[in-house]
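Taking it in order: structure first as structure tokens, then the write-up.
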Amino acid sequence: MKTLISLDDVESIKRELIGMLPDFKSSHRVEAMARGLGWGSNAALRAELAVGPQTRSPDSRVFSEYLKEHGFQAVKYGALEEAVVRCKFAGTRSAVEAVMAAEPGLSMNGFRTDDFRKSRQEREDEFRGLREEMPSADGVLQFVRACEFLAQVPRRATVNRTSISYDWKHVAERFHRERGEPDSYVSNGMFIAAALHLGFTVKRDGTGPNAFLNIAPADRPRRSRGGDMLAKSVGGPTRTAAWRNMMVAAINTGLDRGLFSLDAGDNRWGDGEGVYRFDFAGLPAIASVRGAGFGELGVSVAVRPTERAAEFVRTANAGFLAGDAFASGWLERKDGKWLQSPDKPMNAFRRDLLPVIARETVEPRGFAASGPFRL
């Protein structure tokens with residue numbers, strides 16, 4: 221997110237970073253900040269800002285990598301962005317909180333929907349976690365991106381029912397990519413929050429997470445056909461074989477690492493969801509496991525993961541947002557031990573990966589690779 225940075229801002233950001241990372245060496249913390257703000261060194265930062273403020277985009281990844289290269293491993297994720305938000309976007313965070321107070325059913329994903337395969341407590345915990353992310357540094361910056369896009373779109377008198385908020389949020393992302401933003405992501409929920417804040421008419425689309433808005437169709441969204449495609453329930457022998465191999469490999473790895481067992485409800489990864497990385501046939505992979513109620517285990521897995529896979533793989537239909545191959549389903553552990561899904565499993569595959577994954581032979585360890593599907 222581009223923002224104007226002055227020498228006074230730098231001093232404020234430094235103070236925030238001291239509070240967040242008090243055990244880090246001052247010189248390393250300052251040099252990491254300079255690099256995370258787009259300069260090659262603190263000296264270069266000060267030389268340029270002595271002339272006047274500069275527009276820059278905070279990059280927490282660059283900030284963290286510099287500190288890790290100098291021996292500081294326990295770097296709080298998003299520390300630089302959080303410091304910038306505290307200094308530059310305190311009012312914006314208050315605006316996000318005001319929208320949250322007015323819309324108690326809104327979270328990062330959009331309007332609340334419940335997965336009734338999960339227990340009531342699990343649903344409450346999941347919604348609360350997604351809602352708590354809204355005023356985070358990442359959530360605030362997404363809100364700002366959405367506001368910048370919405371500020372320049374034409375409005376109409378009535379809601380536009382040809383496109384939903386999820387379509388428009390992709391247009392907002394394209395808007396920022398075309399401006400050279402290093403991070404253009406906007407979640408569906410923060411897009412809706414920004415629209416509400418700016419006074420757009422927002423009508424929920426039935427009982428789903430999306431909404432219709434009164435945006436004039438001058439820049440009608442292009443339907444996603446590639447990089448942002450969500451997983452769908454798609455069958456066929458090749459896809460089913462690939463889905464099975466990915467699911468079995470993820471479960472085998474989780475069992476090997478002691479994250480869970482085949483006993484009903486025996487989940488050992490701690491609070492929330494267990495996310496872990498592993499190797500699948502020489503390719504990088506990432507999996508997420510979560511309690512699904514009634515002794516079941518929800519499993520999602522991605523091969524050749526994206527940079528934000530650890531965030532997206534937790535979602536049952538993440539698709540290409542999580543990786544170039546994606547699969548999700550459940551492991552029955554109460555009435556038996558078997559992998560289950562609807563007749564057509566949830567999956568998404570890039571063309572080059574589908575045959576590679578399908579022809580692997582991955583044998584389940586202590587459970588069956590198929591069985592009856594139960595809700």
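Residue numbering for the sequence shown follows the numbering used here, beginning at 221 and increasing consecutively. Note that beta-carbon positions come from the ideal geometry of N, C-alpha and C, so glycine has one too.
Looking at residue i: is its Cβ nearer than 8 Å to the Cβ of residue j?
| i | j | result |
| --- | --- | --- |
| methionine 640 | glycine 543 | The chain is shown from 221 up to 595; residue 640 falls before or after that span and cannot be answered. |
| arginine 553 | aspartate 476 | no |
| glutamate 353 | methionine 328 | yes |
| phenylalanine 480 | leucine 517 | yes |
| alanine 254 | serine 261 | yes |
| leucine 450 | glycine 330 | no |
| isoleucine 233 | proline 273 | no |
| arginine 524 | proline 504 | yes |
| leucine 257 | arginine 276 | yes |
| glycine 474 | valine 509 | yes |
| valine 454 | lysine 557 | no |
| glycine 409 | leucine 326 | yes |
| leucine 269 | leucine 227 | yes |
| arginine 464 | alanine 568 | no |
| alanine 436 | arginine 376 | yes |
| threonine 312 | phenylalanine 395 | no |
| alanine 578 | alanine 462 | yes |
| threonine 458 | leucine 573 | no |
Could you tell me the boundaries of the beta strand (DSSP E) in which residue i lies?
| i | result |
| --- | --- |
| asparagine 465 | Counting along the chain, asparagine 465 falls outside any beta strand (DSSP E), though it belongs to the alpha helix (DSSP H) covering 457 to 476. |
| leucine 257 | From DSSP, leucine 257 is part of no beta strand (DSSP E); its letter is neither H nor E. |
| proline 504 | 503 to 511 |
| proline 525 | 517 to 525 |
| isoleucine 435 | 431 to 435 |
| glutamine 560 | 558 to 560 |
| valine 379 | 375 to 380 |
| arginine 424 | 422 to 424 |
On the DSSP letters alone, give me the boundaries of the alpha helix (DSSP H) that residue i sits inside.
| i | result |
| --- | --- |
| threonine 312 | 310 to 322 |
| methionine 566 | Run containing methionine 566: none in the alpha helix (DSSP H); it sits in the beta strand (DSSP E), 566 to 569. |
| lysine 234 | 227 to 240 |
| asparagine 408 | 408 to 417 |
| tryptophan 489 | Tryptophan 489 -> no alpha helix (DSSP H), and no H or E assigned at all. |
| glycine 272 | First-last for glycine 272: undefined, no H or E at that position. |
| glutamate 368 | 357 to 370 |
Distance, Cα to Cα, residue i vs residue j?
| i | j | result |
| --- | --- | --- |
| arginine 306 | valine 582 | 49 Å |
| leucine 361 | glycine 502 | 36 Å |
| proline 324 | glycine 419 | 17 Å |
| leucine 370 | histidine 390 | 12 Å |
| alanine 355 | alanine 310 | Rather than alanine, the amino acid found at residue 355 in this sequence is proline. Roughly 10 Å separates the two Cα atoms. |
| arginine 397 | phenylalanine 587 | 45 Å |
| tryptophan 259 | leucine 265 | 6 Å |
| lysine 245 | aspartate 279 | 20 Å |
| lysine 222 | proline 584 | 48 Å |
| histidine 417 | valine 304 | 21 Å |
| aspartate 439 | leucine 241 | At aspartate 439 the pLDDT is 49, less than 50, meaning the model places this residue with poor confidence; the figure from the coordinates comes in the next sentence. Answer to the nearest angstrom: the Cα atoms are 43 Å apart. |
| serine 284 | glutamate 231 | 19 Å |
| glycine 446 | alanine 366 | Per-residue confidence for glycine 446 stands at a pLDDT of 45, beneath the threshold of 50, marking its modelled position as unreliable; the derived number appears in the next sentence. Between glycine 446 and alanine 366, the C-alpha separation is close to 22 Å. |
| phenylalanine 500 | serine 314 | 44 Å |
| glutamine 372 | glycine 490 | 45 Å |
| leucine 595 | valine 468 | Note that leucine 595 has pLDDT 41, beneath the 50 cutoff, so the model's placement of it is unreliable and no number is given. |
| histidine 248 | alanine 357 | 22 Å |
| alanine 512 | glutamine 560 | 12 Å |
| arginine 348 | arginine 332 | 10 Å |
| aspartate 243 | leucine 237 | 10 Å |
| leucine 350 | alanine 322 | 17 Å |
| glutamate 580 | arginine 570 | 16 Å |
| valine 379 | aspartate 425 | 11 Å |
| isoleucine 506 | alanine 413 | 30 Å |
| arginine 488 | glycine 494 | 9 Å |
| alanine 263 | glutamate 302 | 23 Å |
| aspartate 555 | lysine 296 | 42 Å |
With a threshold of 16 other CB atoms inside 10 Å of the CB of residue i, please say whether the residue is buried or exposed.
| i | result |
| --- | --- |
| glutamate 393 | buried |
| serine 520 | buried |
| arginine 235 | exposed |
| lysine 308 | buried |
| alanine 529 | buried |
| phenylalanine 336 | exposed |
| arginine 443 | Residue placement at arginine 443 cannot be trusted, given a pLDDT of 47 that sits under 50; what the coordinates show is reported in the next sentence. It is exposed - the Cβ of arginine 443 has fewer than 16 other Cβ atoms within 10 Å. |
| valine 406 | buried |
| glutamate 527 | exposed |
| arginine 381 | exposed |
| glycine 239 | exposed |
| aspartate 403 | buried |
| glutamate 344 | exposed |
| glycine 456 | exposed |
| alanine 318 | exposed |
| methionine 466 | buried |
| valine 250 | buried |
Could you check whether the region 418 to 433 touches the region 385 to 402, counting it as contact only if at least three pairs of C-beta atoms, one from each stretch, sit closer than 8 Å? yes
I'd like to know if the region 330 to 341 and the region 290 to 303 are in contact, where contact means that at least 3 CB-CB pairs between them fall below 8 Å. No, because fewer than three Cβ pairs between the region 330 to 341 and the region 290 to 303 fall closer than 8 Å, the two stretches do not touch.
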